[in-house]
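*Asks:*
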Amino acid sequence: MSYPINEKYTDEFCERNAKLLSRFERSMYQTRPDGSAQTWTSSAVTYTRWFRDRRGKSIDEAGKVDVDDYYEYVSGQYEGGATAGGKFDGVQQLYHWMDRKELIEENFTESLLREDYGISNGATRQARALRQEEDYISIPRKAVELLWKEENLPGPRIRNELLIKLLWYTGLRCSEIIRIRIGDIDHDEHKIKIFDKKTTEFRPVWYPQRLELLFTQWLDQGGRDVIGPHGGESEYLFLTHQSPQMRASHVSRIVKEAAKNAGINEVLYVDEAGKKRWKITGHTLRHSMATYHANKLDTKVHHLQKILGHDDIETTLKYVDEDDSAIRQAMQRPWS
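Numbering (the working numbering), first residue to last: 239 to 574.
1. DSSP has Arg-419 in a bridge; who is on the other side?
2. Does DSSP classify Glu-439 as helix, strand or coil?
3. Going by beta carbon distance, what residues of the same chain come within less than 7 Å of Val-312, once the five residues before and after it are set aside?
4. State the beta-bridge partners of Asp-424 as determined by DSSP.
5. Roughly how many whole angstroms lie between the Cα atoms of Ala-381 and Lys-517?
6. Sorry if obvious, but does the Cβ on Gln-330 come closer than 6 Å to a heavy atom of the ligand MG?
7. According to DSSP, simplified to helix, strand and coil, what is Phe-251?
8. Measure the CB-CB distance between Pro-446 and Lys-429 and report whether it falls below 7 Å.
9. On the criterion of 16 or more Cβ atoms from any shown chain inside 10 Å, does Trp-444 qualify as buried, or is it exposed?
10. Closest to Cys-412 by C-alpha separation, out of Ile-357, Gly-461, Pro-378, would be which residue?
11. Could you give the first and the last residue of the continuous beta strand (DSSP E) run that contains Trp-516?
12. Under DSSP, the alpha helix (DSSP H) around Met-484 begins and ends at which residues?
13. Please report how far the alpha carbon of Ala-511 lies from the alpha carbon of Glu-348, in whole angstroms.
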């Protein structure tokens, strides 16, 4: 059966991608409400553009790693909010449709979960499950400290203890921590250069001196030797047995497993695809660190904005508790 190709796609994409997008668009408008169809089609086009520029192949040739890279990119660009969620859904729908039409062998996107990229759920089921007004889930410091207790850490212990502590002390995104190269670390200043994809510049992030012992064990005392063939070769701080660079989804799995072992993780809900959505993930540590700084350490909001790499200070303000007693104390203390 032949399908007409939308001219707007042939102007920009190769014939194969143009045909796939045209068919997907038509299917969405025939089977979905206009709002969803428009959002998902637009998101599929954005993804196809990204895939073309970075891979040079048609989208039906993509693999799980390709889409994983795209989700990391989207999460970093849009801070995991509603826009990122829409783009996530568009790609999920695109590959679900290709799977139904038997254009691909399997829908590998089903195993890629929003929570692994810090992308919020559009319906804020997480927020409602916890009776919170927003989906910025955080846990107290005492709960965080349970994650790196030896009996709760999945192996390899040294790598995962350093990983979880860095997430907590720096507030880095999962997609940022996996990009740290050994050469980006200044051990004298206890500082790491973090590349910001939005600005294409580096921002400094500091960590406490107490982590230097773990860095030494991991980098200089054979900690990486247990990580298969890449241990002595990878330029990246965090790697796995299979790859010289850890992936963001792997970071989140480590955190989830540690929280399960500590007995503090829980399933918030099961989505339409039957996937469990967990309370404590890699991105939960970022929210927890920000909440702790904003409300317990009284870190200035504009400083916290720089620490987290937020473009808009309104994003940072979401971590500040609206506590009338704290506001009252702040206003009355200077005059008492």
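Backbone N, C-alpha and C fix where the C-beta goes; we use that ideal spot for every residue, glycine too.
*Replies:* Taking the coordinates as given:
1. Looking at the DSSP output, Arg-419 bridges to Tyr-474.
2. Strand at Glu-439.
3. Counting only Cβ-Cβ distances below 7 Å, and skipping sequence neighbours, we find Ala-322, Lys-325, Phe-326.
4. Answer is Lys-429, bridged to Asp-424.
5. Each residue's alpha carbon lies about 12 Å from the other.
6. By its list of ligands, the structure shown contains no ligand whatsoever, and the ligand MG lies outside what it can speak to.
7. Reduced to three states, the DSSP call for Phe-251 is coil.
8. The answer is no: Cβ separation not under 7 Å.
9. Residue burial annotation: Trp-444 is exposed, with fewer than 16 other C-beta atoms found within 10 angstroms of its C-beta.
10. Taking each of Ile-357, Gly-461, Pro-378 in turn and checking the Cα distance to Cys-412, the smallest one comes out for Ile-357.
11. Where Trp-516 is concerned, the enclosing beta strand (DSSP E) stretches over 514–516.
12. Here Met-484 belongs to no alpha helix (DSSP H), and DSSP marks it neither H nor E.
13. Low per-residue confidence applies at Ala-511: pLDDT is 49, beneath 50, and the placement is therefore not dependable enough to give any value.
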